DNA sequence: GTCTATAACCGGATAGAC
DNA sequence: GTCTATCCGGTTATAGAC
């Protein structure tokens, strides 16, 4: 690992530690630089903005989500159970960040932020999210209809973003409202998917999927 | 009107004008103060932050939306046409602000921002939005089932927020993708509402409405 | 007590020397 | 690649005018 690599890592590590402890806003670039033992200018040499550092944080959380979902995915078989398990483990992983999660979401909604899932630089973040839901769908038994299975990961990812939005505003004890949101909406979704997977529903399913394809970019 | 009232108005007017011309970020508080012929400190005496000024801007846009929807509401009768008309006129009203609309949405997503629809101080903004959709529903002929009509305004308001999110990321010429989004999704919604309004669907409808009520606060 | 102005603070970001 | 000095803009402290 080159020296520049190492410096970069040091800065990221310092930033993530401070973000976790004080939150995003309360962490200043001067603090990050000092904690990493470099100058402010140097921190900016490696990271164009504070937002980019936040993006690294976001990536780390995503990796933790994927890891936390692993055991659940190994044992749950039905689509419904797999989906529920993934979302509940996601809620557990992000719980410590509830205080300052709004910031993350705020940037995520801004088209100019690299954190924004629609933004080119943030594409891999989105890809990662969809990949997780692809695993939920692809290995589910009984199987989901093939044409539906192709679009579902993207749709479920969008749905999971709504869950996050709901969760951000959820101040109930133990975040029980968010957990109820998961339980009840996954039930609904699983029923819809099961009904839609019936061969007799193919024409209607096709119409709905065409709509989705026409409205999503790329 | 007292002098302080007038000063306040002057500042808001200056801010709105500059926001419209240069966008939110490019407009500095120093510019606002200068344009209004007051000192920076004075601007802050009347408005706690730049965000509050943005909120005034948001309110103005909302009022324009309501006004623009008026003629359409007077002539359209079916639920589907009323909904479509309101949303298309909304798109027209907000079009000039597409460049910097992300900012507005960004604040709206932040639980601590008064602009946020879930925030106590922003409640009237949300109320206003729902009131508009209540008019879409209540005067629609044929009628929407009563129990459904009670929940629809809130649901439609949420749906309109999704439309805005979609629109923010829409860079298609003439914003045609957003307009297609409206046409196709309103079709879907109107069909769903029509089917659900059938007396035979009452039990299923009740189940769905219970879910909605359980998951929305207040 | 209501209002207004100036000067400063703070933190994100950049320029330019080394 | 790294640093120091500086800019810029949101925000605040404070002093004082009416």
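Chains as they are written, first to last, in the working numbering: chain V, 7 to 224; chain A, 7 to 224. Ideal placement from N, C-alpha and C gives every residue a C-beta, glycine not left out. If you're wondering where the values come from, they're calculated on a predicted model, not measured in any experiment.
Residue i versus residue j: straight-line alpha-carbon distance, rounded
i	j	result
residue 44/A	residue 92/V	55 Å
residue 160/V	residue 105/V	28 Å
residue 87/A	residue 195/A	11 Å
residue 145/A	residue 77/A	14 Å
residue 129/A	residue 66/A	15 Å
residue 169/V	residue 206/V	31 Å
residue 81/V	residue 147/V	12 Å
residue 176/A	residue 8/A	44 Å
residue 197/A	residue 68/A	28 Å
residue 190/A	residue 202/A	18 Å
residue 26/A	residue 99/A	13 Å
residue 217/V	residue 163/V	17 Å
residue 4/V	residue 10/V	Because chain V spans 7 through 224 in this model, residue 4/V falls outside it and cannot be assessed.
residue 153/V	residue 208/V	9 Å
residue 94/V	residue 185/V	7 Å
residue 101/V	residue 28/V	15 Å
residue 136/V	residue 158/V	9 Å
residue 37/V	residue 221/V	44 Å
residue 71/A	residue 47/A	33 Å
residue 215/A	residue 40/A	52 Å
residue 133/V	residue 58/A	36 Å
residue 187/V	residue 211/V	25 Å
residue 111/V	residue 174/V	9 Å
residue 200/V	residue 141/V	17 Å
residue 55/A	residue 42/A	16 Å
residue 73/A	residue 213/V	35 Å
residue 183/A	residue 167/A	16 Å
residue 107/V	residue 223/A	20 Å
residue 219/A	residue 178/A	36 Å
residue 165/A	residue 204/A	23 Å
residue 83/A	residue 35/V	57 Å
residue 49/A	residue 12/A	12 Å
Chain-ordered chain V contacts of residue i [CB-CB under 9 Å]
i	result
residue 221/A	172, 183, 186, 187, 190, 191
residue 89/A	Near residue 89/A there are no residues of chain V at all, since even the closest Cβ is about 17 Å away, more than 9 Å.
Per-residue contacts from residue i into chain V (C-beta, under 8 Å)
i	result
residue 162/A	Correct list: empty, because the minimum Cβ distance to chain V is about 16 Å.
Contact belief for residue i with residue j at Cβ below 8 Å, rounded distance in angstroms
i	j	result
residue 143/V	residue 155/V	5 Å
residue 192/V	residue 79/V	Contact doesn't hold; Cβ gap of about 15 Å is too wide.
residue 16/A	residue 24/A	Contact flag wrong, Cβ pair sits at about 13 Å.
residue 14/V	residue 52/V	5 Å
residue 75/A	residue 138/A	6 Å
residue 295/V	residue 18/V	Coverage of chain V is limited to positions 7 through 224, which leaves residue 295/V absent and any answer about it impossible.
residue 109/A	residue 181/A	No, residue 109/A and residue 181/A are not in contact; Cβ-Cβ is about 18 Å, not under 8 Å.
residue 60/A	residue 30/A	6 Å
Proximity test, residue i beta-carbon vs the ligand FMN heavy atom, cut-off 8 Å
i	result
residue 46/V	In terms of ligand content, the structure shown is empty, and the ligand FMN therefore cannot be addressed.
Legend entry - Whole runs of the alpha helix (DSSP H) within the region 122-185 of chain A, excluding any shorter than 4 residues: Segments of the alpha helix (DSSP H) lying fully in the region 122-185 of chain A: 129-144, 152-174.
Inset, instruction - Ignoring anything shorter than 4 residues or poking outside the region 51-99 of chain A, list the alpha helix (DSSP H) runs there in chain order. - result: Listed in chain order, the complete alpha helix (DSSP H) runs (minimum 4 residues) inside the region 51-99 of chain A are 56-81.
Inset, instruction - Identify each residue in the region 67-79 of chain V for which the Cβ-Cβ distance to at least one residue of chain A is less than 9 Å, and report them in chain order. - result: Using a CB distance below 9 Å, no part of the region 67-79 of chain V faces chain A.
Inset, instruction - Mind checking the region 207-219 of chain A against chain V and listing, in chain order, the residues whose C-beta falls within less than 7 Å of any C-beta there? - result: Listed in chain order, the positions of the region 207-219 of chain A with a beta carbon within less than 7 Å of a beta carbon of chain V are 217.
Inset, instruction - Run through the region 189-221 of chain A for me and flag every whole alpha helix (DSSP H) of 4 or more residues, listed as ranges in chain order. - result: Within the region 189-221 of chain A, complete alpha helix (DSSP H) segments of at least 4 residues are found at 208-221, given in chain order.
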